[in-house]
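This report concerns only the one structure given below.
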Amino acid sequence: MLKALEGRVPVHRVALSNSEWRVVERRQYCAGNLSGFPNDLFTCQNDRRSNHTVVVWGDSHAMHLVAGVSELFKDSNIAVAYLSGCISQSGFDGVLRKFSSRLLTEQCAARNRSFLSWAEAYKGDLTVFISNAKRNRPDAISKINNQHVRTLEGYGHSAYVIGDFIRPGVELAQCYAVPDFIFSDERLRQICKADASAAARELAYSAKLARLSVNYIPVHDVQCPQGQCSFFDDEGRVTFRDVHHLSPIGAIYEMSRLSPLFEKIRAEQSSYGALRQKP
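Counting in full-length UniProt numbering, the sequence shown runs without a single skipped number right up to 279 at its last residue.
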């Protein structure tokens, strides 16, 4: 009997590796190239044969939203302008994300300029979401985000900033990946805990960024009501695949909880699409 139970982990505790999650993510949400979207800039694309495209622009914290955005905007094409570590503010107003070499640092800044040049030239129906990990100071980041939003709106696109989800700061998923005959869920909640001090700092950062930003979607208000952050979905699954990236399951769950905040955006998308289709 014990031998039969050995190594068994309840479904809600199963933790895939980062590489396994990335395979799942790309297989399901990065299928097919979009006309007019260069592959070197848009490293994840999903052609759904729609007249409307949702673009997420940023670093790996833009990419980890792809499953959630894809499920929230089921009738839209999806494109992620993402390079790991390359925040969309780098290269503007004195903010420069430094990489291991000067060349990589310059390439990141050039990539962001290329994105805006592409957006200026692109005339299709587009909604852009800017999202990045929390870096630099909120006042510096919000200033550039606001400039990006106004620039993109000036090009005829809808543009918003999606706040960065509060990270657990520890490997919660791996901590929970044990058989239930070893530890109960209740016991694991006592053993496996997020970094509360790090979460408090991130909440303070997010609150300040929200106050200073335009067209900002405050994800922390939903993830952390009354300052109490959740890192699990309704089935008890950890929403993060590592210390700071959402899993596809987590992204779908968290973005679905934000659905009311996106209702206005979807309504604007539908109205604009109808106007474009009129003869």
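The beta-carbon is built from N, C-alpha and C at its ideal position, and this holds for glycine as well.
As the structure is a computational prediction, the values presented were derived from the model and not from experiment.
Taking the beta strand (DSSP E) that residue i falls in, what are its first and last residues?
i, result
"residue 44", "44–46"
"residue 243", "That residue, residue 243, is in no beta strand (DSSP E); it is neither H nor E in DSSP."
"residue 161", "158–162"
State the start and end residues of the unbroken alpha helix (DSSP H) segment that holds residue i.
i, result
"residue 191", "185–191"
"residue 70", "66–72"
"residue 175", "172–176"
"residue 26", "18–29"
"residue 153", "138–154"
"residue 200", "196–212"
"residue 220", "219–223"
Could you check which residue in the options has the C-alpha nearest to that of residue i?
i, options, result
"residue 44", "176, 232, 70", "70"
"residue 214", "185, 163, 230", "163"
"residue 165", "50, 239, 8, 9", "239"
"residue 100", "111, 114, 85", "85"
"residue 122", "60, 161, 51", "51"
"residue 200", "178, 174, 227", "227"
"residue 36", "229, 65, 223, 117", "117"
"residue 19", "241, 212, 251, 255", "241"
"residue 232", "217, 56, 216, 253", "253"
"residue 283", "119, 194, 181", "Past the edges of the chain, shown from 1 to 279, lies residue 283, and the structure says nothing about it."
"residue 78", "125, 112, 95", "125"
"residue 80", "60, 90, 89", "60"
"residue 14", "92, 175, 57", "175"
"residue 169", "243, 83, 89, 75", "243"
"residue 191", "75, 206, 197, 173", "173"
"residue 8", "184, 96, 178", "178"
"residue 206", "74, 193, 82, 229", "229"
"residue 92", "112, 161, 75, 82", "112"
"residue 220", "167, 194, 28, 103", "167"
"residue 210", "267, 114, 135, 139", "139"
"residue 82", "75, 95, 58, 33", "58"
"residue 294", "16, 10, 11, 55", "There is no way to answer for residue 294, as the model of the chain reaches only from 1 to 279."
"residue 154", "180, 127, 171, 137", "127"
"residue 255", "72, 49, 158, 90", "72"
"residue 196", "184, 224, 208", "224"
"residue 171", "12, 17, 11", "17"
"residue 234", "216, 257, 212", "257"
"residue 10", "185, 216, 212, 218", "185"
"residue 90", "49, 74, 46, 137", "137"
Is any beta-carbon of chain D found at less than 7 Å from that of residue i?
i, result
"residue 29", "Among the protein chains of the structure shown there is no chain D, as only one such chain exists."
Would you list the one or two residues that DSSP bridges to residue i?
i, result
"residue 52", "125"
"residue 322", "Any question about residue 322 goes unanswered here, given that the chain covers just 1 to 279."
"residue 339", "Coverage of the chain is limited to positions 1 through 279, which leaves residue 339 absent and any answer about it impossible."
"residue 216", "161"
"residue 95", "92"
"residue 232", "238"
My guess is that residue i and residue j are in contact by the Cβ rule of under 8 Å, so how many angstroms apart are they, rounded?
i, j, result
"residue 96", "residue 109", "7 Å"
"residue 76", "residue 53", "6 Å"
"residue 12", "residue 237", "5 Å"
Check whether the region 22–41 touches the region 137–145, counting contact only when three or more Cβ pairs, one atom from each stretch, lie closer than 8 Å.
no
Is it a yes or a no for the region 255–264 touching the region 186–203, going by three-plus beta-carbon pairs under 8 Å?
no
Stretch-stretch touch, CB-based, cutoff 8 Å, three pairs: the region 125–133 with the region 54–66
yes
When you compare the region 20–35 with the region 245–252, are there three or more beta-carbon pairs, one atom per stretch, that lie closer than 8 Å?
yes
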